[in-house]
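**Q** Adding 707 to a residue's 1-based position in the sequence shown gives its number in my numbering. Ideal placement from N, C-alpha and C gives every residue a C-beta, glycine not left out. Please read these numbers as outputs of a predicted model, since none were measured by experiment. The structure is given below, and queries will be raised subsequently.
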Amino acid sequence: ILVLLDGVRINNSTTRFGPNQSLNTIDPAVVDRVEVIRGSRSVLYGSDAIGGVVAVWTKRRRAGDGGGLEGGVQAQFDSATEGWRGAVDLSGSSDSIGALGIFGGGTFDDLRAGDGEIQEDTGYDTGSGFGSLDIALGESRSLRVMGLINRDFDVPRTFQTVPGFGQTEPNFERFDFAIQEREVLILTYDDFALGTFADRMQVRLSARRYREQRDRQRTGSAIAVSGQTTVDTVSVGIDLAKSLGDEHLLTFGFDFDHDDVDSFNDRTDTSTGITMRGTGDFAPGARYDSFGAFIQDEISVFAPTYLTIGLRYSAFDFAFDGDEGRERGDFDAVTASLEAARDLTDDVRLTGTLAQGFQAPNLEDLANDGDFSNGIELANPDLDPARSLMAEIAAEVERDAWSGTMAAFWTQIDDYIGRRLLDEGDPGVSGDELYLRSNAGEVELWGFEVSGRRALGAATSEWSVEGVASYVRGRQYDDTVDPNTGDAPLDGVELRRVPPLFGRIGVRWDERDARRWLEHAALWLDWAAEQDRLNPDDVADPRIDPTGTDGWAAFSIELAGNLAAGVDWNAT
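Next up, the structure:
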């Protein structure tokens, strides 16, 4: 999954498996909207977008929107963590300039589960600052400067410090991200009057820094490690669009990112107090470059059938100081996509998609020997990129009183970037295994999603019922034989971390006409079925019950409304 912030990649060359933690370094107070783009999107967005894209867009005050000087306060209390989050903002606008500033922060205690049990080592503190400056350069050109800094303090890596399944004690006595800091500066130029070459253009220049400080000490060890990794990134992206009559809309451009990684570890012998500076989590002198050029054509000549064809070239280059000198490598890929959409009626559309994807190994895979839930993963500078092919068919219905979508997909990933077990450690203990990152064969994923909404009564009714259900299966095929057993332990097994059948259904009421103290109410049921289809890595993962995870259901109530002019409230 690729995460974007105002069109700029948040994933960098050190992003761990699953970029969920990246979203936690974006304060919700600065977010205007979030777009979730499902399926392989490597043609437009490059590496890491095999599973989809989460695009976060920040708030802004546009030049010339009137309103003068405005301010606001947000406050939120969460009883489950006995925590709070708040923000203050100030903005102003003239004919040529719009400016917005937001300062936020929060503190959270350990999470209390629904049964009242305290989830130890889950609390942390956070703070952020954000600024946006919009400058109008005439009627068709504009310049925007966006700056963001977010710091999370003393974030525990919970699964390392709390005993899991198969463990009598945790892997670590202490494992904190003492600091998770993200700094972003983005300069965006928009031009809607280029002339014959293109109808519009957007240029994005960015400088980004991600700093992570880890304080950790293994259970039973006298060595405490305080380490830091800093990733400095500069990038440029140019997107252009050109209409060729009413029959073609071309989108084309390129992007370039350069990462420099600096990493060190200070190791302190707690029995003597002696501290030694050593190699960090990432190999010294690590750098990573990526380049992509793309073109996409939206074709309307066959209406009511609409075609979208895309092509992208991606190239990557990396280097770091290894045990035997300077390690260098590169890889590239050409990816293509084809989408056909057919309007069967005015309110029914059928869409089919065939798309290639691409995931380049990053420095987390190539140059980082890291701790994770199952034990230790060793880097592998000889990894190949993963390449995917996705097929999807979807139907959408949009009518006055009801709407619905149904989609089914299949994805195949070759040279899947996974890991192979080198040493299982103590067979009676979970979490002390030794793995090597590797291209672990082929993966197949398939599934479906169904969603719908129905007005209760007339099409204009304020009452409605909504629901969604999702199902995914995955299999891994790796015929590599374990010389110790003579078996291929990962051939024909379930894929790692695949969710069970899950969904949501609810009834909601929304006031349509006037602002009132109560404008929205909803009752939701979130649910998931049992999941006992586990990969061998899942069974060895102390976070996951080796016999499977029970199904569950949870009810929730949402209420929201307006107390006075400029004062809104909501409760869940």
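#1: Helix or strand or just coil, what does DSSP make of ALA885?
#2: Could you check the C-alpha separation between ALA1261 and GLY1255 for me, to the nearest Å?
#3: Would you tell me roughly how many angstroms separate the C-alpha atoms of ASN1087 and PHE1079, rounded to the nearest one?
#4: Count the CB pairs spanning the region 849-857 and the region 881-899 that are closer than 8 Å, and state whether there are at least three.
#5: Out of LEU751, VAL710, VAL1041, state which residue places its alpha-carbon closest to the alpha-carbon of VAL741.
#6: Once the 5 residues before and after ALA820 are set aside, which same chain residues still bring their CB inside 7 Å of it?
#7: If THR1015 sits next to GLU1005, beta carbons under 8 Å apart, how far is it from one beta carbon to the other, in whole angstroms?
#8: Taking Cβ positions, are GLY873 and PRO1134 nearer each other than 8 Å?
#9: Please state whether DSSP places LEU1096 in a helix, a strand or coil.
#10: Tell me which residues share the same chain as PRO1011 and place their Cβ nearer than 6 Å to its Cβ, disregarding the 5 neighbours each side in the sequence.
#11: Indicate the three-state DSSP secondary structure (helix, strand or coil) for ASP922 in the structure shown.
#12: So the beta strand (DSSP E) TYR1013 belongs to, where does it begin and stop?
#13: Taking the alpha-carbon of THR937 as reference, which of VAL715, ARG889, VAL780 has the nearest alpha-carbon?
#14: Closest to ALA1026 by C-alpha separation, out of THR982, ASP1072, ILE1264, would be which residue?
#15: Would you identify the three-state DSSP class for ASN1191, choosing helix, strand or coil?
#16: Cβ of ARG1019 within 8 Å of Cβ of GLY999?
#17: Could you check which residue in LEU730, THR903, ALA770, ASP772 has the C-alpha nearest to that of VAL761?
#18: Which partner residues of GLY1032 appear in the DSSP bridge assignment?
#19: Identify which residue in TRP791, GLY799, ASP1039 has its Cα closest to the Cα of ASP772.
#20: Let me make sure I understand the geometry here. Which of ARG792, ARG923, GLU1046 has the alpha-carbon closest to that of GLN1003?
#21: Residue ranges of each alpha helix (DSSP H) run of no fewer than 4 residues wholly in the region 847-922, ordered along the chain?
#22: Using CA coordinates, which residue listed in VAL737, ARG768, ALA770, SER801 is at the minimum distance from ARG792?
#23: Could you tell me if GLN783 is buried or exposed, where buried requires 16 or more neighbouring beta carbons within 10 angstroms of its beta carbon?
#24: Taking Cβ to Cβ, would you say TRP1109 is nearer than 8 Å to TRP1153?
#25: Residues in the same chain with beta-carbon distance under 7 Å from GLY1082, minus the five sequence neighbours each way, listed in chain order, please.
#26: At what residue ranges does the region 946-1021 contain a whole run of the beta strand (DSSP E), taking only runs of 3 or more?
#27: Cα separation between GLU824 and TYR995?
#28: When the Cα of ILE809 is compared with those of ILE842, LEU818, GLY854, which residue comes out closest?
#29: Spell out a yes or no on whether the region 1231-1244 and the region 1209-1223 are touching, meaning 3 or more CB-CB pairs, one atom from each, closer than 8 Å.
#30: Would you say ASP841 and GLY830 are within 8 Å of each other, going by their C-beta atoms?
#31: Can you name, in chain order, every residue of its own chain whose Cβ lies under 7 Å from the Cβ of SER803, other than the five neighbours on each side?
#32: Check whether the region 1213-1231 touches the region 1166-1174, counting contact only when three or more Cβ pairs, one atom from each stretch, lie closer than 8 Å.
#33: Using 8 Å as the threshold, is the C-beta distance between GLN920 and ASP946 below it?
#34: Please list, in chain order, all residues of the same chain as ALA1062 whose beta carbon is under 6 Å from its beta carbon, the five residues on each side excluded.
#35: Please work out which residues of its chain come closer than 6 Å, Cβ to Cβ, to GLY871, disregarding the five sequence neighbours upstream and downstream, and give them in chain order.
#36: By Cβ distance, which residues of its chain are closer than 6 Å to GLY1181, with the 5 residues on each side in sequence left out?
**A** For this structure:
#1: Residue mapping note: residue 885 aligns to position 178 of the sequence shown, counting from 1. Here ALA885 sits in strand by DSSP.
#2: Within the sequence shown, the letter at position 554 stands for residue 1261. Within the sequence shown, the letter at position 548 stands for residue 1255. In a straight line, the C-alpha of ALA1261 is about 19 Å away from that of GLY1255.
#3: For the purposes of this step, residue 1087 is taken as residue 380 along the sequence shown, with counting starting at 1. For the purposes of this step, residue 1079 is taken as residue 372 along the sequence shown, with counting starting at 1. Near 16 Å, if we compare the C-alpha coordinates of PHE1079 and ASN1087.
#4: They touch, by the three-pair rule.
#5: For the purposes of this step, residue 741 is taken as the residue at position 34 of the sequence shown. The shortest C-alpha separation from VAL741 is found at VAL710.
#6: Taking the sequence shown and counting its residues from 1, the one referred to as residue 820 is at position 113. For ALA820, where only same-chain residues beyond five positions count, the Cβ hits under 7 Å are GLN826.
#7: As a first step, residue 1015 must be located in the sequence shown, where it is residue number 308. As a first step, residue 1005 must be located in the sequence shown, where it is residue number 298. Correct: roughly 5 Å between the Cβ atoms.
#8: Start at 1 with the first residue of the sequence shown, and residue 873 comes out as number 166. Start at 1 with the first residue of the sequence shown, and residue 1134 comes out as number 427. No, the Cβ-Cβ distance between GLY873 and PRO1134 is not below 8 Å.
#9: The residue given as residue 1096 occupies position 389 in the sequence shown. If DSSP states are grouped into helix, strand and coil, LEU1096 belongs with the strands.
#10: Position 304 of the sequence shown, counting from 1, holds the residue named residue 1011. Leaving aside the five residues that flank PRO1011 on each side, the residues in its chain whose CB is nearer than 6 Å to its CB run, in chain order, ASP1050.
#11: The residue you call residue 922 lines up with position 215 of the sequence shown. Note: ASP922 maps to strand in three-state DSSP.
#12: Sequence index remark: in the sequence shown, residue 1013 carries index 306 (1-based). 1012-1029 is the extent of the beta strand (DSSP E) around TYR1013.
#13: Working through the sequence shown from its first residue, we reach residue 937 at position 230. By alpha-carbon distance to THR937, the top candidate from VAL715, ARG889, VAL780 is ARG889.
#14: Counting from 1 along the sequence shown, the entry for residue 1026 is found at position 319. For the options THR982, ASP1072, ILE1264, the alpha carbon positioned closest to that of ALA1026 is the one of ASP1072.
#15: Taking the first residue of the sequence shown as position 1, residue 1191 is located at position 484. In this structure, ASN1191 counts as coil in the three-state DSSP scheme.
#16: Counting from 1 along the sequence shown, the entry for residue 1019 is found at position 312. Counting from 1 along the sequence shown, the entry for residue 999 is found at position 292. Their beta carbons are under 8 Å apart, which means ARG1019 touches GLY999 by this criterion.
#17: For the purposes of this step, residue 761 is taken as residue 54 along the sequence shown, with counting starting at 1. Taking only the C-alpha atoms, the option nearest VAL761 is LEU730.
#18: Along the sequence shown, one-based indexing puts residue 1032 at 325. Looking at the DSSP assignment, GLY1032 forms a beta bridge with GLY1029.
#19: Your numbering for residue 772 matches position 65 in the sequence shown. Across the set TRP791, GLY799, ASP1039, the C-alpha of GLY799 shows the shortest separation from the C-alpha of ASP772.
#20: Position 296 of the sequence shown, counted from the first residue, corresponds to residue 1003. GLU1046 is the residue among ARG792, ARG923, GLU1046 whose C-alpha sits nearest the C-alpha of GLN1003.
#21: Along the region 847-922, the alpha helix (DSSP H) occurs as fully enclosed runs of 4 or more residues at 865-868, listed in sequence order.
#22: As a working mapping, residue 792 is identified with position 85 in the sequence shown. Residue VAL737 is the option with its Cα nearest to ARG792.
#23: As a working note, residue 783 is residue 76 in the sequence shown. Result: exposed.
#24: Numbered from its first residue, the sequence shown carries residue 1109 at position 402. Numbered from its first residue, the sequence shown carries residue 1153 at position 446. Against a cut-off of 8 Å, the Cβ pair of TRP1153 and TRP1109 comes out as no contact.
#25: Start at 1 with the first residue of the sequence shown, and residue 1082 comes out as number 375. Correct list, in chain order: GLY1132, GLY1138, ASP1139, GLU1140, LEU1141, TYR1142.
#26: DSSP runs (the beta strand (DSSP E)) wholly in the region 946-1021: 955-976, 981-986, 993-1006.
#27: Position 117 of the sequence shown holds residue 824. Position 288 of the sequence shown holds residue 995. Straight across, the Cα-Cα distance linking GLU824 with TYR995 is about 44 Å.
#28: Locating residue 809 in the sequence shown gives position 102, where the first residue counts as 1. Of the listed residues, the one whose Cα sits closest to ILE809 is GLY854.
#29: Between the region 1231-1244 and the region 1209-1223 there are three or more C-beta pairs closer than 8 Å, enough to call the two in contact.
#30: Locating residue 841 in the sequence shown gives position 134, counting from the first residue. Locating residue 830 in the sequence shown gives position 123, counting from the first residue. Taking the C-beta atoms as reference points, GLY830 is found no nearer than 8 Å to ASP841.
#31: Indexing the sequence shown from 1 puts residue 803 at position 96. In chain order, ALA770, ILE842, ALA843 place their CB closer than 7 Å to the CB of SER803, counting only its own chain and leaving out the 5 sequence neighbours on each side.
#32: Here the region 1213-1231 makes contact with the region 1166-1174; the two share three or more CB pairs at distances below 8 Å.
#33: As a first step, residue 920 is located in the sequence shown; it is residue number 213 there, counting from the start. As a first step, residue 946 is located in the sequence shown; it is residue number 239 there, counting from the start. It is not a contact, given that the beta carbons lie outside the stated cut-off.
#34: Position 355 of the sequence shown, counting from 1, holds the residue named residue 1062. The residues are SER747, SER1044, MET1097.
#35: Within the sequence shown, residue 871 is the residue found at index 164, counting from 1. The answer, listed in chain order, is PRO1249, ARG1250.
#36: Numbered from 1 along the sequence shown, position 474 holds the residue referred to as residue 1181. Only LEU1152, LEU1202, VAL1205 meet the Cβ criterion.
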